[in-house]
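Just so you know, the sequence shown maps onto residues 16 to 592 in the working numbering.
A short worksheet on the structure shown next.
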Amino acid sequence: METSGKRRLRMGKKGQSTRSGKTLVENRSVRTRSCLDTEAIKTLQIAYEFHGYWEETLVCQGEKYCKIEIEGGGHLQTVGAPNLPQEGIYVNIPENAKFLNLQVGECHEKTIEVEYPIAPNPLPALEGEELLYRKDSTIYDSGSLFPTEVAVFSAVRRIGGVKVVHILVNPVRYYPVQRQLQVVETMILKITYELSEETDTIGEPRHHRFGGPAVDILGMPEMDGVTTKGGGRGGREDIRTLKNPANCAELLIVTKPDLRPAFDDFLEFKSRDFKVALADTGQIISEFGGQSGMDEQIREFLCYAAENWRISPRYILLGGNITDIPTHWEYFLGARISSDHFYADLKGDLSPDVVVSRFPASEPEEMKNMCDYFIRYAQTRKEWGKSVLLSSYNREDYNECTEEVAGIIASDFQVYKRYDGQATKEEIIETINQGVGFINYRGHGLPTGWQAGNGLTSDDLVQLKNVDKIPQVLSIACSNNALEKEHCFGCEWIRQGKAVSFLGAAVPSYTVVNHEFDKWLWEGIALKKLKRAGEIFNYGIQKLYMNNPENDLVKHTIYAYLLVGDATAECDFYRSE
């Protein structure tokens, strides 16, 4: 599908920021909240105000289509259906509340004509496969409004320790035959719940004193009353018994017994900012062992710590290769996925509850060296931290996605564009060696490298001389973190000391969802000012989940992506002089 013409903003006032040279809407949707009480039955009223959307013309298989996007929202992903915006929102309710219903109250909409049909959702396509578009004639030949509902209840969830009602809003709906959009201007959402007790306490996250990606997403106007529980000052906990509710750890390392000493200096350094602790597999087997596999025993321990420790872990660092600390093999959509997400999703609802990363080393000396260079990174003043290298595979949709990222970050970062077909591999290496805070690759990938004409491979890493200027790497591509492969590309960046963190997929991944995921990561960095590698990762995952919780391609993406390196690594590009 090709882009034809520029985007234009429909409705609303224009903001000051730009994306790819185009004006964006600031604070696109606004929600305020009020509560109506009738003894035990309470109704929350959420005032939803919508300011506008982006519209552009696309050409697909010789036919012109209209594409609609909104700031902060995702899209309906039903194959063949119109690719319309969908926004997930969370509304917190008391711990003792039973959700009863969601109603749409007063709703003001306007009708807008569009010149071309709304673009359909493509067939599922892995990276490297052609995007094919086939309209669902039962929708496109109908004069009925699609989708029918302007807002629907998804589920009651627990996000960042907070009990929330998850609502999916469809602010732009479509009459296909008439080629008309029905666009929300304002509406009232009414959430009714029943209290089981007299108290009306708002749910509070169990952790942590720093806030976090889940809590950050909750930080919207309707989330009044949500605060993070203070964790006190940092320090190191010597945990002798795992099943002790008095235990405290914001940062928890899980490793095998012979690697414990390798983490001593790292834990001492991190204890300045976090309450830190270490648990080894010997302890876990002793207290949580049984008939289940080691992966399930580790997760059972993490669930216990999350529910019972006085300060529960926020960061879980897996100290070892998968032969030491096993990954979990997730079987989904025909794929066998090495999914460390298993250790982040402690409630079993797909949403990550903690940040998880892996230190890919098996020998004590190798692990000690890895920890030492993570410490050096944290101690380094990163004048180069506001530089970003962007690279993409030479295809229009990958370049367009990367240009979207460039637009998001243009006002905050020095951007170096090194796209396939426009720059050589040598230019990429030279740019990395001069120092960049982030590398973002968007395109095809293999277990051993980027599958672009100028893409790096594991064999090229020896040419990187960026020892004192290592980046966070966001590789939105297939298979770069295939942990079971001997020279896994992401792991080699960490083992050779060329990056402080590497985010990548364990298996072939899906193009359209990857495009959205990449932009959410950079929204977290540029707009939410997230700096730690793990927070950026979880923010992107949370946004995918928030906007499309039931879509199988989104679920696959959440299972597939994992982080190697130091999840607590912080690129201090916003630190004041």
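For each residue, glycine too, the CB sits at the ideal point set by N, CA and C.
Keep in mind the model is a prediction, meaning the values are calculated, not measured.
Hey, residue i and residue j: beta-carbon distance below 9 angstroms or not?
i      : j      : result
ASP427 : LYS397 : no
THR463 : LYS500 : yes
GLY555 : LEU577 : no
GLU124 : PRO100 : no
ALA166 : CYS81  : no
SER372 : ASP587 : no
LYS558 : GLY176 : no
LEU141 : THR526 : yes
ASP295 : ILE390 : no
GLY120 : VAL184 : no
TYR105 : ARG149 : no
LEU545 : ILE551 : yes
PHE374 : LEU404 : no
GLY297 : PRO272 : yes
ASN448 : LEU479 : yes
GLU130 : THR72  : yes
LEU282 : THR207 : no
ILE509 : MET385 : yes
ASN336 : ALA376 : yes
ILE326 : LEU257 : no
LEU160 : LEU147 : no
VAL2   : SER516 : Because the chain spans 16 through 592 in this model, residue 2 falls outside it and cannot be assessed.
GLN60  : LYS205 : yes
If I follow the unbroken alpha helix (DSSP H) through residue i, where does it start and stop?
i      : result
ASN616 : The shown model of the chain, from 16 to 592, leaves out residue 616, and the question about it has no answer.
LYS440 : 440-449
ARG510 : 504-510
ALA541 : 526-541
DSSP on residue i, reduced to helix/strand/coil?
i      : result
PRO260 : coil
PHE517 : strand
GLU585 : strand
TYR208 : strand
PHE278 : helix
HIS356 : helix
TYR554 : helix
THR342 : coil
GLN298 : helix
TYR68  : strand
TYR576 : strand
VAL371 : strand
GLY245 : Confidence is the limiting factor: at GLY245 the pLDDT is only 38, short of 50, which leaves the residue's position unreliable, though a coordinate-based value still follows. Note: GLY245 maps to coil in three-state DSSP.
LEU146 : coil
PRO379 : helix
VAL569 : helix
Quick one: give me the first and last residue of the beta strand (DSSP E) that residue i is part of.
i      : result
PHE453 : 453-457
TRP324 : Counting along the chain, TRP324 falls outside any beta strand (DSSP E), and DSSP gives it neither H nor E.
SER152 : Element bounds for SER152: not the beta strand (DSSP E) but the alpha helix (DSSP H), 152-155.
TYR63  : 56-65
ILE423 : Not the beta strand (DSSP E): ILE423 falls in the alpha helix (DSSP H), residues 411-424.
GLN118 : 112-128
CYS81  : 78-84
VAL165 : Here VAL165 belongs to no beta strand (DSSP E), and DSSP marks it neither H nor E.
ILE268 : 266-270
LEU489 : 487-491
GLY334 : 330-334
Considering only residues of the same chain and omitting the five flanking positions on each side of residue i, which have a CB-CB separation below 7 angstroms?
i      : result
GLY250 : SER286, LYS290
LYS484 : TRP399, GLY450
TYR388 : GLY512
ILE573 : HIS356, LEU365, ILE556, LEU559, TYR560
HIS502 : THR463, SER473
THR583 : LEU266, LYS285, TYR330, ARG547, GLY549
GLY334 : ILE268, VAL269, THR270, LEU274, PHE278, ILE340, PHE374, MET382
Considering only residues of the same chain and omitting the five flanking positions on each side of residue i, which have a CB-CB separation below 8 angstroms?
i      : result
LEU361 : ARG314, LEU317, CYS318, ALA321, ASP368, VAL369
SER157 : PRO191, VAL192
ARG410 : GLY458
Within a Cβ cutoff of 6 angstroms, which residues of the same chain sit near residue i, ignoring the five residues on either side of it in sequence?
i      : result
GLY458 : SER407, TYR408, TYR413, ALA467, ALA492
ALA55  : GLU209, LEU210
GLY519 : SER490, ASN495, ASN496, GLY505
ASP253 : none
ASP435 : TYR408, ASN409, ALA467, GLY468, ASN469
HIS222 : For HIS222, the predicted model reports a pLDDT of 43, less than 50, meaning its position is unreliable; a value from the coordinates is still stated below. Once the five neighbours on either side are set aside, the close Cβ partners of HIS222 are SER327, ARG329.
Have a look at the options and flag the residue whose alpha-carbon is nearest the alpha-carbon of residue i.
i      : options                        : result
TYR346 : ALA575, VAL94, THR583          : ALA575
ILE154 : PHE114, THR93, LEU404          : THR93
LEU196 : HIS356, GLU70, ASN116          : GLU70
PHE65  : ALA112, ILE203, LEU115         : ILE203
GLU164 : GLY363, TYR434, GLN118, ASN262 : GLN118
THR126 : TYR358, SER307, ARG188         : ARG188
ALA359 : ILE443, ALA350, THR342         : THR342
GLY460 : ALA521, LYS432, ALA261, GLU380 : ALA521
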